[in-house]
Amino acid sequence: MINQTKTEIAAVFKVGKLERTLAFYRDVLGLEIERHDDGHGAAYGMGRIGSAWFIFFEEADVKPGGSPILVFSVKGGIERTVEILVRKGVEIVVPVSEAPGGLSADFLDPDGHVLSLYQAKGAAP
Numbered sequence: 182m183i184n185q186t187k188t189e190i191a192a193v194f195k196v197g198k199l200e201r202t203l204a205f206y207r208d209v210l211g212l213e214i215e216r217h218d219d220g221h222g223a224a225y226g227m228g229r230i231g232s233a234w235f236i237f238f239e240e241a242d243v244k245p246g247g248s249p250i251l252v253f254s255v256k257g258g259i260e261r262t263v264e265i266l267v268r269k270g271v272e273i274v275v276p277v278s279e280a281p282g283g284l285s286a287d288f289l290d291p292d293g294h295v296l297s298l299y300q301a302k303g304a305a306p
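So, in C-alpha cells, the structure goes:
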C-alpha cells in the first residue's frame, strides 16, 4: 500500500503568517525554503531536509500546535489506497479531493492523529 522505499513524506504546517514562518525556518533554522504561488491567489512555502519536505500554508484561523500533518506521497492509485484503508477499518476524515497540484485524502491513526495521502497531477489513477 504505502511503499517505504518509494514514498516521500512531507510535514505540512498550517501557519498564521506565511512570511513570518518562512523567515523563521529560512533565517533561524537554515532551511532552504522558497515561496510559491499556487496559481489561484494562494501562496505557500516549501523546503526540504534530506528526503522530507516541509510545506507551509497560511490559514486565517490557525490553532496553535494543530499541525504538522504528515503527508505520504503516493505515485498513483490514491482512490484504491483509500479503499484498502477503509477495508482495514481506518477512519477517512476527508475523502479523495482536489489539492494544490493533485489529489489528497486525510485519515486518522488509532490515536486520532490526522495523516494524509497526496497524489500529484498526472500520476496513474
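Just so we're aligned: the sequence shown equals residues 182 to 306 in our numbering.
The beta carbon of each residue, even a glycine, is placed where N, CA and C say it ideally should be.
Query raised in the report: Just the Cα atoms here: how many angstroms apart are Ala171 and Gly226?
Result: As shown, the chain starts at 182 and ends at 306. That puts residue 171 outside it, with no answer to give.
Query raised in the report: Considering Leu266, what are the terminal residues of the beta strand (DSSP E) in which it resides?
Result: No beta strand (DSSP E) contains Leu266, which is instead part of the alpha helix (DSSP H) from 259-268.
**Report entry** Three CB pairs or more closer than 8 Å across the region 267-274 and the region 208-223
**Finding:** no
Query raised in the report: From Glu240 to Ala305, what does the alpha carbon distance come to, in whole angstroms?
Result: In a straight line, the C-alpha of Glu240 is about 31 Å away from that of Ala305.
Query raised in the report: For Asp242, does the three-state DSSP call read helix, strand or coil?
Result: The answer is coil: DSSP assigns Asp242 none of H, G, I, E or B.
Query raised in the report: First and last residue of the beta strand (DSSP E) that includes Glu189?
Result: 189-196
Query raised in the report: Quick one, are the C-beta atoms of Ile259 and Leu289 less than 7 Å apart?
Result: At a Cβ-Cβ threshold of 7 Å, Ile259 and Leu289 do not count as neighbours.
Requested in this report: Give the DSSP-derived three-state secondary structure of Leu199 in the structure shown.
Outcome: helix
Query raised in the report: Glu272 bridges to which residues according to DSSP?
Result: DSSP, once it has assigned bridges, lists no residue as partnering Glu272.
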